[in-house]
Amino acid sequence: MRQPGAYSKLLSGGVSGKTGPHSLPLARIKKIMKKSSEDVKMISGEAPIVFSKACELFVEELTKRAWLITLQGKRRTMQKDDVASAVITTDIFDFLVNLVVEDRNNSTAAVAANKLG
Amino acid sequence: IVITEGDAPPAASTTTNAANIPSPPNAAAGEVSLEQQQGFKRDADQYMPIANIIRIMRSILPAHAKIADDAKEVIQECISEFISFITIEANGRCHREYRKTITPEDVLAAMASLGFTNYLEPLTIFLNKHRAQKDSDRSSMNPLPQFVRRSGAADGGSGFVQYQEPQGSHMVRHLPRTPPPPPVAPTTGYYVPLPPVAATTMEEEEEFGELTTTVNDYIFGNHGGGEGSSGEFDLFQKF
Chain A
1 MRQPGAYSKL LSGGVSGKTG PHSLPLARIK KIMKKSSEDV KMISGEAPIV
51 FSKACELFVE ELTKRAWLIT LQGKRRTMQK DDVASAVITT DIFDFLVNLV
101 VEDRNNSTAA VAANKLG
Chain B
1 IVITEGDAPP AASTTTNAAN IPSPPNAAAG EVSLEQQQGF KRDADQYMPI
51 ANIIRIMRSI LPAHAKIADD AKEVIQECIS EFISFITIEA NGRCHREYRK
101 TITPEDVLAA MASLGFTNYL EPLTIFLNKH RAQKDSDRSS MNPLPQFVRR
151 SGAADGGSGF VQYQEPQGSH MVRHLPRTPP PPPVAPTTGY YVPLPPVAAT
201 TMEEEEEFGE LTTTVNDYIF GNHGGGEGSS GEFDLFQKF
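Chains as they are written, first to last, in full-length UniProt numbering: chain A, 1 to 117; chain B, 1 to 239.
Right, dumping it as structure tokens:
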């Protein structure tokens, strides 16, 4: 597993690794940032650190909203559809709509296929 | 065993469910065959580790809550999409301002313009803490001989007086510590400038000496640099 201290040294140039544990791996975040666009070249050492916290906040918000929908359905298991509904009903999550609708279609097809098979 | 009102029974492979009943449509086995049907292999490199994600989710869900595997996976995909989404906006901002490196400030500004204004405050606080801690680490790695001598002197008073004399000018030049950098205007309306970089180093000095040095440093232009992004200071009392 990634060592937070070692990675901080790499990016921040020799600073002792006492930046504290980040809940998400910084190297992976940086990789995803680089993949997002051809012309993403240089990323400051602290940018992935901000993202590690931002992603945490994002997951918390998405989870809370999805859970509300789970509760509305009087269920105790959060389903993918609950997450999809949370995305669709939240303005700032518009960028995710294609992600959840696409998956819903595919998993519906898989369910149908399984039932037939 | 969980009872639902939905069409298909839930996946039984969540950690809290001991019964582990495989249900064809949504169970882990079903998920694998779905992926195989599509010829799609989940490339771990492009997602956050599922264990970390589950931990964050569980930290805010009630203890009895269960999470279907496909719900976890879709959230995993959403996170990566979120990172890309914000990064592209931040990168665009960089280019518009003829800069090459995406800074934390770019990330925060991108979030602000994309509607994630709720995140700005906690993120700014988080970033401040991180920078303050990093600088206290740095200063503890570089002990300051002058200050050690001064505080070591039994005569707090005369030690201070010595320091204040015209020697003061060349003393300042020898200071290896990181003085507070000059104020820099924030890049966006939302973003709150960060507190002084040298805040933690002040504690080692005598009270008066601290003030004097600050003024001397500033007057003699003995400004150290901040980190990669310029060191903003103060005005954090807003929060």
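Think of the CB as a built atom: it goes at the ideal place given N, C-alpha and C, for glycine as much as any other residue.
| task | Note down, in chain order, each residue of its chain lying with its Cβ closer than 7 angstroms to the Cβ of residue 23 of chain A, except the 5 sequence neighbours on either side. | result | 52, 56
| message | Looking at the secondary structure, which residues open and close the alpha helix (DSSP H) in which residue 46 of chain A lies? | response | Here residue 46 of chain A belongs to no alpha helix (DSSP H), and DSSP marks it neither H nor E.
| Rounded straight-line distance, which links the Cα of residue 58 of chain A to that of residue 87 of chain A | 12 angstroms
| request: Between the Cα of residue 102 of chain B and those of B/108, B/116, B/124, B/91, spot the shortest distance and give me the residue it belongs to. | output: B/91
| For residue 50 of chain B and chain A, any beta-carbon pair shorter than 8 angstroms? | no
| request: Evaluate residue 72 of chain A with the Cβ neighbour count: other Cβ atoms within 10 Å of its Cβ, from every protein chain shown; 16 or more gives buried, anything less gives exposed. | output: exposed
| task | Answer yes if the segment 77 to 92 of chain A comes into contact with the segment 109 to 126 of chain B, meaning at least three C-beta pairs across the two stretches below 8 angstroms, and no otherwise. | result | yes
| field | Distance, residue 68 of chain B Cα to residue 59 of chain B Cα | value | 16 angstroms
| request: Using DSSP bridges, identify the partner residues of residue 77 of chain A. | output: B/66
| task | Would you mind telling me which residues of chain A sit closer than 7 angstroms to residue 96 of chain B, beta carbon to beta carbon, in chain order? | result | Ordered by position in chain A, no residue passes the 7 angstroms Cβ test against residue 96 of chain B, which lies about 13 angstroms from the chain.
| task | Return the first residue and the last residue of the alpha helix (DSSP H) that residue 35 of chain A is part of. | result | 26 to 35
| query | With 8 angstroms set as the bound, which would you pick, yes or no: does the beta-carbon of residue 77 of chain A sit closer than that to a beta-carbon of chain B? | reply | yes
| query | Between residue 88 of chain A and chain B, is there a C-beta pair that is closer than 8 angstroms? | reply | no
| message | Tell me the rounded alpha-carbon separation between residue 41 of chain A and residue 53 of chain B. | response | 27 angstroms
| request: Quick one: residues in its chain with C-beta nearer than 7 angstroms to the C-beta of residue 89 of chain B, no 5 flanking neighbours on either side, listed in chain order? | output: 110, 113, 114
| query | Which residues of chain A have a Cβ atom closer than 9 angstroms to the Cβ of residue 65 of chain B, listed in chain order? | reply | 67, 70, 76, 77, 78
| field | Contact between the segment 63 to 82 of chain A and the segment 133 to 142 of chain B (3+ Cβ pairs under 8 angstroms) | value | no
| request: Report buried or exposed for residue 99 of chain B, applying the criterion of at least 16 other Cβ atoms within 10 angstroms of its Cβ. | output: exposed
| task | Following the continuous alpha helix (DSSP H) through residue 134 of chain B, name the residue where it begins and the one where it ends. | result | 120 to 141
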